[in-house]
Amino acid sequence: MTILSWTRRGLLAAVGAVLIAGGMFASATAQTPPGVLIVGQIAEPKSLDPAAVTAVNDFRILVNVYEGLTRYKSGTLEVEPALATSWSISDDGTEYTLKLRSGVNFHDGTPFNAEAVKFNFDRMLNEKHPYHDTGPFPLSFFFSAVKSTDVVDDMTVKFTLNAPYAPFLSNLAYPTGLIVSPAAVAASGKEFGRNPVGTGPFKFGEWRSNEAVVVERNDGYWGEAAGSQAVVFRPITDANTRVAEMLAGGIDLMVEVPPTSLGQFSGDGFSIAEQAGPHVWFLILNAKEGPFADKRVRQAANYAINKEAIVNDVLEGTATVAAGPTPPAFAWAYNESLDPYPYDPEKAKALIAEAGASGAELKFYVTEGGSGMLDPVPMGTAIQADLEAVGFDVKIETYEWNTFLGEVNPGLEGKADMAEMAWMTNDPDTLPYLALRSEAWPDKGGFNSGYYANAEVDKLLEAARTATDQNERAKLYREMQTIVQEDAPWVFVANWKQNAVTNDRVKNFGLEPSFLLHLQGVVKD
Amino acid sequence: MGGYIVKRLVSAVPVLLGITIIVFLIMSLIPGDPATAILGSYATPENVEKLNRDLGLDKPMVQRYFIWLGNMLTGDFGRSFSLNRPVLDEVSERFNATLVLAGTAFVLCSLLGILAGVISAARQYGLADKAITFVVLIGISVPSFFLGMMMILLFAVNLRWLPVSGMYAIYGGGDLPDLINHLIMPALALAAVATGVIARLSRSAMLEVLRQDFIRTARAKGVPERRVIMGHALRAAMVSIIPILGIQAGFVLSGAVYIEIVFQWPGVGRMLVDAILKRDLLLVQGGVVFVAACYVLFNISVDVAQSLLDPRIKT
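Quick mapping for you: the protein sequence lines, in order, are chains A and B.
In this text, residue positions in the first sequence follow our numbering: the first is 23, and each later residue adds one.
In this text, residue positions in the second sequence follow our numbering: the first is 10, and each later residue adds one.
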């Protein structure tokens, strides 16, 4: 017997075994069960404690398990009642008294009441609270204006602020303000984030690390019961693998589809949802020194960059051109009369010549990735090419996201002329207040890394923060947008449209401008 | 023999201590800190400072190193802040998954590689040798993550024979057939390169042995060819094949990082990549030390196995 014939037989046997095994297991890859919605997420959640997390990825699970005192009205970023049914604001804007919804129970059976609300905010804000050690609570500064939370009666709670702060109701709708069960925090302590208990339409089922978080329909929900029996959130960090799972039927819904993969879902069997959100992608310009200290050069950069080409070609239509610092998703506060800077290289050249900045060297900080940054490297090179076409000499420096933030947040002075940046916020106050006021320069603890300063803008933003009437606030924000667009402290580039794909078994799905993923009404056959 | 093993184990201690220093230094010195990573665009100096204090990162570096080392010696690897659970729970759970994947791939590449090498050597320049060489060179040349993606496209998306990713089915799985089903593609993709390398090196090891006198003697006294190859030659060649297996085991373990990402295998490699990007210091440090300790132990056992096979190698 030769070695070859021996192995030939062995090989045949092996191939046979594999084929039989393949046939046996093929049935195991059947379709996902009806009534159970399987969602492809972009990462493993950090925690399911709303006060402890910061990522949109985690918020997508949380808003189905918990509810806040307020929430965003479907399809808008306007605040409406949720666990609070009504509220009144004192004339000086520092006292918020909220009536709570009665007959609501947490999933563990304990009642939702004013004591529970007080527990939630004290746990986050008061370092001496017995359960403050269940943190850290990185976004607790959303409520740093709260001086005290007081129980008026069983179903009424009063927040006292240290100064008027108009975004307060909107911050209550942000996931950091979702209400957790005090009894469950007491029972689980530091492990509460893995044993979450809220009041939402779904209750926590199980969390298999790195495989799935399962939530199940809450039959005792005070509102309309959820349309699905269960929702499974699967972390699939690699975008290509997520697309493959979607194509193969392993998941029913995927978020954040890469622009270049959208085409694969254009046929029958899938539907694509798109929704513009409170996102703006911009370039911070160093207004303190160098060529961008001159307003004309900053405007020239806005004219020189072909934003249409960036959103259509680089981002494949998954974004729209931004006109100013406030995204249009904040419909109530957005200035409709603003048009984006047109693409006009000739005008840019003229402005640059007028300012005597022809041939100036620019150092440009680009990041490799990061939250809300879309496709930062191709976008950065497209911008570089456009700026070189009008006579600048642009040098790119690329950094990994955390390093990038460490370079940009302390300010660009002495380092760079421009940097990429993107923000997603929940209130039109947040971004301009933190990044455009002269009181928000990096040395004062803000994010105004380009050192823009305009006394008029400062005044408008302070006034908008203290006004409690929404129409009054809206007027102030619109005025602010006009001034900022003219001053051009940034190059306004894009507003991202969040997207998602569902297969044809999923009904009633829609995305929200808040970028939160409400799955209560979704049905799967 | 016992003394040799003890000696090797003692010599591993400074290696591991060095690893703790290196990984701690790297994680402390790379730009970007955990608080910035957690806060993202909200990382004001004030918020960063407060969060760093909450995370216990405001102490001097040397002090933090010794606190970490001391805790680790008592079995406390600390708590991962990006996953909000004890590091040791996460690492050991993830390491199990990696062991299943890398172990299967290692067995596959050892068996297939040696088999292919033996056939090639026995049929030097024959049709089988040429065919095997061709396939093996493809295996060595194609990057494993690319191979993995192509396998997903063909077997999962188009043919729908196998699941795309994960270790178990999300619903109704969890048993052994389900695991094997999920294991086939990642294990094959991971084994491909190592199989090629082992096949090439086994072939030359076998060829060298086959030219020696005792093989001719065996053939001359009428020992059947199969026994000459499998009994006499392969046994002698194993002395040079086993160290190759040891080195390839290291490559399989590190190659698991890409494969775990492509197939979303919940292993330790994927965990480390995520943890580095999130600056999850304790998770990276604990994970690296754990993996390094396992690798050192594995190397020691390879050396011990080798000295058992070949009494000349004894120190």
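Using N, Cα and C, we set each Cβ at its ideal position, and we do this for glycine too.
Treat the numbers as computed from the prediction; the structure is a model and nothing was measured.
>> Beta-carbon within less than 6 Å of S27 of chain A's beta-carbon, same chain only, minus the 5 sequence neighbours each way: which residues are those?
In response: With a pLDDT of 47 at S27 of chain A, under the threshold of 50, the predicted position of this residue should be treated as unreliable, and no value is reported.
>> So within the segment 396–461 of chain A, which uninterrupted alpha helix (DSSP H) runs reach at least 4 residues, ignoring any that extend past its ends?
In response: Considered as a whole, the segment 396–461 of chain A harbours 398–411, 423–430 and 452–457 as its complete alpha helix (DSSP H) runs of no fewer than 4 residues, in chain order.
> Just the Cα atoms here: how many angstroms apart are N308 of chain B and Y421 of chain A?
Replying inline: 37 Å
>> Out of A:A234, A:F214, A:E117 and A:D113, which one is the CA nearest neighbour of E66 of chain A?
In response: A:A234
> If we cut at 8 Å on Cβ distances, does V116 of chain B have a partner in chain A?
Replying inline: V116 of chain B does not count as touching chain A.
>> Measuring straight from C-alpha to C-alpha, what distance separates I14 of chain B and V300 of chain B?
In response: 20 Å
> Is S119 of chain B closer than 8 Å to L254 of chain B when the C-beta atoms are compared?
Replying inline: yes
> Applying the criterion that 16 or more other CB atoms from any shown protein chain within 10 Å of the CB defines a buried residue, is K417 of chain A buried or exposed?
Replying inline: The residue in question, K417 of chain A, is exposed, as its Cβ has fewer than 16 Cβ neighbours within 10 Å.
> Is it buried or exposed for F531 of chain A, if we count other Cβ within 10 angstroms and need 16 for buried?
Replying inline: buried
> Among A:P158, A:V333, A:A370 and A:N357, which has the Cα closest to the Cα of P398 of chain A?
Replying inline: A:V333
>> Let me check one thing: in DSSP terms, what residues is L384 of chain A bridge-paired to?
In response: L384 of chain A pairs with A:V416.
> Tell me which same chain residues have a C-beta within less than 8 Å of the C-beta of M160 of chain B, skipping the five on either side of it?
Replying inline: Beyond the five residues adjoining it in sequence on each side, M160 of chain B comes within less than 8 Å, by CB distance, of M194, L197 and A198 in the same chain, given in chain order.
> How about D260 of chain A: is its C-beta nearer than 8 Å to some C-beta of chain B?
Replying inline: yes
>> Considering Cα atoms alone, identify which of A:V412, A:G433, A:T54 and A:L337 is closest to L373 of chain A.
In response: A:V412
> Would you call the CB atoms of A208 of chain B and I141 of chain B closer than 8 Å?
Replying inline: In this structure, I141 of chain B lies closer than 8 Å to A208 of chain B by Cβ.
>> Check whether chain A comes within 8 Å of G49 of chain B, counting only Cβ atoms and requiring the distance to be less than that.
In response: Closer than 8 Å to some Cβ of chain A, the Cβ of G49 of chain B qualifies, so yes.
>> Give me the subset of the segment 421–433 of chain A whose CB atoms are less than 9 Å from a CB atom of chain B, sorted by chain position.
In response: Y421, E422, W423, N424, T425, F426, L427, G428, E429, N431 and P432
>> Does the structure place the segment 261–281 of chain B close enough to the segment 521–529 of chain A that three or more beta carbon pairs sit under 8 Å?
In response: Between the segment 521–529 of chain A and the segment 261–281 of chain B, the count of C-beta pairs closer than 8 Å stays below three; the two stretches do not touch.
> Taking buried to mean at least 16 other C-beta atoms within 10 Å of its own C-beta, is A548 of chain A buried or exposed?
Replying inline: Since the displayed chain A opens at 23 and closes at 547, residue 548 of chain A lies outside it and no answer follows.
> Is V266 of chain B helix, strand or coil when you go by DSSP?
Replying inline: helix
> Grouping DSSP H, G and I as helix and E and B as strand, with all else coil, what is A172 of chain A?
Replying inline: It is Asp, not Ala, that sits at residue 172 of chain A in the sequence shown. Correct three-state label for D172 of chain A: strand.
> How long is the line joining the alpha carbons of P186 of chain B and M268 of chain A, rounded to whole angstroms?
Replying inline: 23 Å
> For the segment 153–169 of chain A, which residues have a beta carbon sitting closer than 8 Å to at least one beta carbon of chain B?
Replying inline: G157, P158, P160, L161 and F163
>> Quick check on DSSP: helix, strand or coil for F469 of chain A?
In response: coil
> Where S150 of chain B and N61 of chain B are concerned, what is the direct C-alpha to C-alpha distance, given to the nearest angstrom?
Replying inline: 46 Å
> What are the residues that DSSP puts in a beta bridge with Y118 of chain A?
Replying inline: A:I111 and A:F181
> Applying a beta-carbon distance threshold of less than 9 Å, which residues of chain B neighbour E180 of chain A?
Replying inline: Strictly speaking, residue 180 of chain A in this sequence is Lys, with Glu absent from that position. Neighbours of K180 of chain A on chain B: none; closest Cβ ~27 Å, over 9 Å.
> Can you name the start and end residues of the alpha helix (DSSP H) that W77 of chain B belongs to?
Replying inline: M70 to L82
>> Taking 8 Å as the limit between beta carbons, can you name the residues of its chain near L183 of chain A, skipping five residues before and five after?
In response: G115, T116, E117, Y118, A167, V168, K169 and F190.
>> Tell me the DSSP secondary structure of K212 of chain A in three-state form.
In response: Three-state result, K212 of chain A: helix.
>> Would you call the segment 237–246 of chain B in contact with the segment 77–88 of chain B, where contact means no fewer than 3 C-beta pairs closer than 8 Å?
In response: no
>> Can you pull the chain B neighbours of R256 of chain A, defined as C-beta to C-beta under 8 Å?
In response: G175 and I179
>> Using the three-state DSSP reduction, which class does G44 of chain A fall into: helix, strand or coil?
In response: In this predicted model, G44 of chain A has a pLDDT of only 49, less than 50, meaning its place in the structure is not dependable; the value taken from the coordinates is given anyway. DSSP places G44 of chain A within a helical segment (H, G or I) once states are collapsed to three.
> Mind checking whether P40 of chain B and G62 of chain A have CB atoms under 8 Å apart?
Replying inline: no
>> Is there a C-beta anywhere in chain B that falls below 8 Å from the one on D487 of chain A?
In response: What sits at residue 487 of chain A in the sequence shown is Arg, not Asp. For R487 of chain A, the answer is no, since every Cβ of chain B falls outside 8 Å of its Cβ.
>> Please return the same chain residues whose Cβ sits closer than 6 Å to the Cβ of K329 of chain A, not counting the five positions on each side in sequence.
In response: Taking C-beta separations shorter than 6 Å and ignoring five residues to either side along the sequence, the partners of K329 of chain A in its chain run V343 and V515, following chain order.
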